[in-house]
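Read top to bottom, the protein sequences are chains A and B.
With my numbering applied, the first sequence corresponds to residues 1049 to 1265, in that order.
With my numbering applied, the second sequence corresponds to residues 12 to 352, in that order.
Note that the Cβ used here is the ideal one computed from N, Cα and C, for glycine as well.
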Amino acid sequence: MTLPKIHLLGDAAVLCKLPSPATLTQQQRIWSLAEQAAAWPEVSEVVPGMNNLTLILHRPVVDLDSVSQRILDAWPDIDADHVAGRDIEIPVVYGGSDGPDLDFVARHTGLSSKEVIAHHSEGHYIVYFIGFMPGFAYMGGLDPALATPRQDEPRMSIPAGSVGIGGEQTGIYPLASPGGWQIIGRTAAPLFDPRQNPPTLLRPGDRVRFTVERNAK
Amino acid sequence: MITVIHPGMLTSVQDLGRPGHRQLGINPGGALNSMALSVANLLVGNPVGAAGLEITMGACELRFSSDTRIALSGDDFDAQLDGKPIAPYWSLPVRAGQTLKLAHAGYHPGQGIRSYLAVTGGIAVPPVLGSCSTDLKAGFGGHQGRALRKGDRLPLGETSAAHDRLHIGGPAFGVRSPQWSGLGQNSHDKAQLINLRVLPGPEFDQFTVTARNALWQDQWRITPNSNRMGYRLEGSELKRKPNRDLLSHGVIPGVIQVPPAGQPIILMGDAQTTGGYPKIGVVIQADLWKLAQAPLNARLQFQLCDLEQALHAWEEQQAYLHHIEQTMLALNWSRATQYRK
């Protein structure tokens, strides 16, 4: 049994890190622990990260050992299959003005633009965690053949819904933002709407597929 | 109703934030100096978390179109109500048509940069995800999801029985500011050196001995490239021993993270929810308000502290707020009103 390593993160939060390598099974157990810990009275918020979990507490930690013990006691009984993700399809218009970097990704990977689209839309992705901005999903599952480094100079503004590749990851910008990812397409799916509950389309554990949407223009 | 005549550099509607959505990437945000907003709210008879205004660097002018009661906290920027000076941490009646004016930021030693205005009943903007705070980055909440502009009109909330007991038109009164209550340091420290208590961060041991010593011994300047997301500091280069990159993890306000260039950044209330830089230290909760008031170019001195000291500092702060809350509950001017009748 690999146990999480627990660090203080200031006086009112703790960071639980799992040993490398990050695996889907470990991540699934993090989602489960997050769900369980969210119900503990001393815990105000839970933030799953990549192979780790941050617990934010209502008040400063009196005794780190007791917080640690609670996590370590819970860990052996944590079930990896507990959080059932949903299947989410995200329609994407690839290339053109919606995906200005599609050709760059094709050149870099030695594939044709059509092949890039095919590889990207045939992939099975899993949301590992949400961070960076509201509803921004860090997903695993990008075909390594599509890996493309970020741009040398980040763009000042990338439109909301842009689908990009940054290194070995793919993701979608829920809001307009500066960013350095290679933008290959765009979706009209509402990734973040603060008037909805829940406000984000994606949640940790969700399984994501991209579908090819014809450009209407 | 409040009409914005001049918004100043950055004025926004803030309450104590929207916790509970970090795992969806949504930062709680809210007033950077939550203690100042809490005190101002208590002084006008509101719950601590009512929506008020966070005003950055003064130069703000607001007109009231109804009788109400206000309190200003944080720094006062020589505030005047219809040309008459008012003091921060005071609760005072305002009549319809009166204008509150905060002066431009001029240098005076020990001056902070943020002011908080609370109004009886609070600023009545619709709550989004449980809070009236403006998320300036994501563009929602507060007044139309943005900083205030000239001509904006802000409705005020309904007054309650608690407000009637407080007697909106009654006399002005004040409380001791956090500085004068022993929570801060001397506010007229000419050197503008701000002491912050810090706990070592999860990656503290991965930094070189030189870097670890520099963290405590050096002074760190707040560079102008600082905002509600984070304060970029300037000082010695903090080097990390060769170590593999970190995976993204949750971060919180107060985290002192060190990007590869070696110059630290302290995360503030609007920071993103996750990050991947090593964390050499974390400013304790009880000292975050000092950071919220710290002007650009101020110098910071980090002091190593332990959990017990952090807890004690937090309890002191809670006791200060609790004392004001109790004092307000004990106020009862209904009899004074009756005599007048």
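Below-9 Å beta-carbon distance, residue i vs any chain B residue
i, result
"aspartate 1059(A)", "yes"
"glycine 1179(A)", "yes"
"glutamate 1093(A)", "yes"
"histidine 1310(A)", "In the structure displayed, chain A extends from 1049 to 1265; residue 1310(A) sits before or after that span and is not available."
"isoleucine 1213(A)", "no"
"phenylalanine 1184(A)", "yes"
"leucine 1190(A)", "no"
"phenylalanine 1258(A)", "no"
"proline 1197(A)", "no"
"arginine 1251(A)", "yes"
"alanine 1082(A)", "yes"
"methionine 1187(A)", "no"
"arginine 1255(A)", "no"
"arginine 1203(A)", "no"
"arginine 1243(A)", "yes"
"glycine 1219(A)", "no"
"proline 1246(A)", "yes"
"glycine 1227(A)", "no"
"alanine 1154(A)", "no"
Cβ-Cβ separation, residue j to residue i (assumed contact under 8 Å), whole Å
i, j, result
"leucine 92(B)", "valine 130(B)", "That pair is no contact at about 13 Å."
"glycine 36(B)", "isoleucine 1178(A)", "4 Å"
Among the options, nearest to residue i - alpha-carbon criterion
i, options, result
"glutamate 1170(A)", "Gly1158(A), Thr1196(A), Val1140(A), Asp1151(A)", "Val1140(A)"
"proline 1069(A)", "Thr1050(A), Ser1160(A), Leu1057(A), Val1211(A)", "Thr1050(A)"
"glutamine 203(B)", "His333(B), Asn238(B), Pro306(B), Glu248(B)", "Pro306(B)"
"leucine 27(B)", "Trp227(B), Ile16(B), Ala51(B)", "Ala51(B)"
"arginine 33(B)", "Pro1252(A), Arg1257(A), Glu1261(A)", "Pro1252(A)"
"asparagine 1099(A)", "Pro1197(A), Ser1080(A), Asp1200(A), Arg1107(A)", "Ser1080(A)"
"asparagine 44(B)", "Leu128(B), Leu111(B), Leu226(B)", "Leu128(B)"
"leucine 1057(A)", "Leu210(B), Leu257(B), Met20(B), Ser192(B)", "Leu210(B)"
"proline 235(B)", "Gln268(B), Gly193(B), Ala309(B)", "Ala309(B)"
"glycine 69(B)", "Val55(B), Ser84(B), Ser76(B)", "Ser84(B)"
"alanine 47(B)", "Pro104(B), Leu111(B), Gly195(B)", "Gly195(B)"
"leucine 1063(A)", "Gln1076(A), Leu1120(A), Leu1249(A)", "Leu1120(A)"
"arginine 232(B)", "Val220(B), Phe151(B), Pro30(B), Asn206(B)", "Asn206(B)"
"histidine 1168(A)", "Met1181(A), Val1153(A), Val1115(A)", "Val1153(A)"
"alanine 1260(A)", "Lys1162(A), Ser1145(A), Arg1134(A), Ala1060(A)", "Reading off the sequence shown, one finds valine at residue 1260(A), where the question assumed alanine. Selected option, being the one with the closest Cα: Lys1162(A)."
"glycine 133(B)", "Ile335(B), Val59(B), Thr285(B)", "Val59(B)"
"glycine 185(B)", "Leu140(B), Ala272(B), Ser102(B)", "Ser102(B)"
Residue range of the alpha helix (DSSP H) that includes residue i
i, result
"methionine 12(B)", "Per DSSP, methionine 12(B) belongs to no alpha helix (DSSP H) and is neither H nor E."
"alanine 324(B)", "318 to 341"
"alanine 1085(A)", "1072 to 1085"
"phenylalanine 1152(A)", "1150 to 1157"
"lysine 301(B)", "299 to 304"
"valine 50(B)", "45 to 54"
"histidine 1055(A)", "Histidine 1055(A) -> not in any alpha helix (DSSP H); beta strand (DSSP E) instead, spanning 1053 to 1056."
"serine 1116(A)", "1112 to 1122"
"glutamine 1131(A)", "Sequence inspection shows valine at residue 1131(A); the glutamine mentioned does not correspond to that position. Premise fails: valine 1131(A) is in no alpha helix (DSSP H) and is neither H nor E."
Proximal residues to residue i (C-beta, below 7 Å), its chain only, five neighbours per side dropped
i, result
"alanine 1082(A)", "Val1094, Pro1096, Leu1101"
"threonine 1235(A)", "Ile1138, Pro1139, Val1140, Gly1209, Val1211, Ile1220"
"leucine 21(B)", "Thr67, Ala158"
"valine 1164(A)", "Leu1150, Val1153, Ala1154, Thr1157, Leu1194, Ile1232"
"glycine 150(B)", "Gly156, Arg157"
"arginine 1077(A)", "Ile1126, Ala1128"
Chain A within 9 Å of residue i, Cβ atoms only
i, result
"valine 262(B)", "yes"
"leucine 113(B)", "no"
"serine 259(B)", "yes"
"alanine 149(B)", "yes"
"aspartate 146(B)", "yes"
"valine 186(B)", "no"
"valine 24(B)", "no"
"tryptophan 325(B)", "yes"
"lysine 252(B)", "no"
"glutamine 283(B)", "yes"
"alanine 42(B)", "no"
Residues of its chain near residue i, where Cβ-Cβ distance is below 6 Å and the 5 sequence neighbours each way are ignored
i, result
"lysine 1010(A)", "Outside the modelled stretch of chain A, which goes from 1049 to 1265, sits residue 1010(A), for which no answer is possible."
"glycine 1228(A)", "Arg1198, Gln1199, Pro1202"
"alanine 42(B)", "Gln25, Leu48, Glu65"
"aspartate 146(B)", "Gly40, Gly152"
"arginine 1257(A)", "Glu1137"
Limits of the beta strand (DSSP E) - the one that residue i falls within
i, result
"phenylalanine 313(B)", "310 to 315"
"asparagine 206(B)", "204 to 211"
"alanine 70(B)", "69 to 75"
"aspartate 1135(A)", "1135 to 1142"
"leucine 167(B)", "Here leucine 167(B) belongs to no beta strand (DSSP E), and DSSP marks it neither H nor E."
"tryptophan 227(B)", "Here tryptophan 227(B) belongs to no beta strand (DSSP E); instead the alpha helix (DSSP H) covers 220 to 228."
"leucine 103(B)", "101 to 105"
Contacting residues, own chain, Cβ-Cβ under 8 Å from residue i (five flanking each side not counted)
i, result
"phenylalanine 218(B)", "Leu226, Leu249, Lys250, Arg251, Lys252, Val269, Pro289, Ile291"
Report the residues of the segment 1102 to 1132 of chain A with a CB closer than 9 Å to any CB of chain E, ordered along the chain.
The structure shown contains no chain E; its protein chains are A and B.
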